[in-house]
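Engineer: Mapped onto full-length UniProt numbering, the consecutive letters of the sequence shown carry residue numbers 1 to 205.
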Amino acid sequence: MTQSSGFIDKDRPDYVCKLHKAIYGLKQAPRAWYMELSNFLLQSGFINSQSDASLFICNIGNISIYVDDIVITGSDPGKVEQFIALLSKMFSLKDLGELSYFLGIEAIRSREGLLLTQRKYITDLLAKMNMLTANPVTTPMATNSSLQLTSGTSLEDGSEYRTLVGSLQYLQLTRPDDAFAVNKLSQFMHRPTDIHWQAAKRVLR
């Protein structure tokens, strides 16, 4: 990053400008935003979750917030609206309405309750792996599978394998039935083989 035209002192070319606020795109920007928002939330009566630094909870109205983009949920709609109004006075924001898709998870409301699904996430992952037309299987791992570190031939580039297994790990949020297979595949991240690769693709089927 360089200083804007007009800010450089010809007599002191090595001097730099001190920023008083974060600039979008800098690696420090996310932390600066987190500190700004978290200070505001704490001053507004929220407490920070001990298990998730991005989760803030307010017992009055049972409002919780996940700090990335911001998701607000609560048992009292009136309290939620009041808090959104308070938030808009402090920050420039855009209310996108009811939650429908966040961090790869779809939220579908019905009379029975709230359904959380990763259907779109799965479809996008299948498309990325060119497996939209793959034949389905009944289990995520073959019943006679005995994967070992030395099974098969090492892949020249294991990055795609690691990307796929990482995606499968995130999928366990709504598909715990895949947990055993994904946990097994995670053991070969450092040196995956063609056999491991085929086993990982089977989970998608």
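Note that CB positions come from ideal geometry on N, CA and C, so glycine has one too.
Because the structure is a prediction, the values reported are computed rather than measured.
Please confirm whether L125 and L204 have their CB atoms less than 8 Å apart.
Structural biologist: Position 125 of the sequence shown holds residue 125. Position 204 of the sequence shown holds residue 204. For L125 and L204, yes; Cβs fall inside 8 Å.
Engineer: Between which two residues does the beta strand (DSSP E) holding A107 run?
Structural biologist: Against the sequence shown, residue 107 aligns to sequence position 107. Its beta strand (DSSP E) spans residues I105 to S110.
Engineer: Quick one: what does DSSP say I195 is sitting in, helix, strand or coil?
Structural biologist: Residue 195 sits at position 195 when you count from the first residue of the sequence shown. Residue state, collapsed to three classes: helix.
Engineer: Leaving out five residues on either side along the sequence, give the residues of the same chain with a beta carbon under 6 Å from the beta carbon of F188.
Structural biologist: Working through the sequence shown from its first residue, we reach residue 188 at position 188. Same-chain partners within the cutoff: H196.
Engineer: Give the secondary structure of F188 by DSSP, where H, G and I count as helix, E and B as strand, and everything else as coil.
Structural biologist: Numbered from its first residue, the sequence shown carries residue 188 at position 188. F188: helix per DSSP, three-state reduction.
Engineer: Count the other C-beta atoms from every protein chain shown that fall within 10 angstroms of the C-beta of Q118, then say buried if there are 16 or more, exposed otherwise.
Structural biologist: Residue 118 sits at position 118 when you count from the first residue of the sequence shown. Under this definition Q118 is a buried residue.
Engineer: Taking the alpha helix (DSSP H) that G113 falls in, what are its first and last residues?
Structural biologist: Mapped onto the sequence shown, residue 113 falls at position 113. Element bounds for G113: not the alpha helix (DSSP H) but the beta strand (DSSP E), G113 to T117.
Engineer: As a quick exercise: from A142, L149, K201 and Q172, pick the residue whose alpha carbon is nearest that of P192.
Structural biologist: Along the sequence shown, one-based indexing puts residue 192 at 192. Measuring from the Cα of P192, the nearest candidate turns out to be L149.
Engineer: Quick one: complete alpha helix (DSSP H) runs, 4+ long, within the UniProt domain "Reverse transcriptase Ty1/copia-type" (1–142)?
Structural biologist: DSSP runs (the alpha helix (DSSP H)) wholly in the UniProt domain "Reverse transcriptase Ty1/copia-type" (1–142): 29–43, 77–90 and 119–128.
Engineer: Using a threshold of 8 Å, state whether the C-beta atoms of A55 and I105 are closer than that.
Structural biologist: Within the sequence shown, the letter at position 55 stands for residue 55. Within the sequence shown, the letter at position 105 stands for residue 105. The question names Ala, but residue 55 is Leu in the sequence shown. No, they are not a contact pair.
Engineer: Tell me the rounded alpha-carbon separation between S49 and I72.
Structural biologist: As a first step, residue 49 is located in the sequence shown; it is residue number 49 there, counting from the start. As a first step, residue 72 is located in the sequence shown; it is residue number 72 there, counting from the start. Cα to Cα, S49 sits roughly 15 Å from I72.
Engineer: Using DSSP bridges, identify the partner residues of S154.
Structural biologist: One-based indexing of the sequence shown puts residue 154 at position 154. Note: S154 sits in a beta bridge opposite T193.
Engineer: According to DSSP, is N183 part of a helix, a strand, or is it coil?
Structural biologist: For the purposes of this step, residue 183 is taken as the residue at position 183 of the sequence shown. Helix, per DSSP.
Engineer: Looking at the structure shown, is L147 part of a helix, part of a strand, or coil, going by DSSP?
Structural biologist: For this step, residue 147 is matched to residue 147 along the sequence shown. Three-state DSSP puts L147 in coil, outside helix and strand.
Engineer: If distances are taken between C-alpha atoms only, which option among S44, D178, S4 and E81 comes closest to P140?
Structural biologist: In the sequence shown, counting from the first residue as 1, residue 140 sits at position 140. If we check each option's Cα against that of P140, D178 comes out closest.
Engineer: Taking DSSP as the reference, what is the three-state secondary structure of T174?
Structural biologist: Taking the first residue of the sequence shown as 1, we reach residue 174 at position 174. Coil at T174, not helix or strand.
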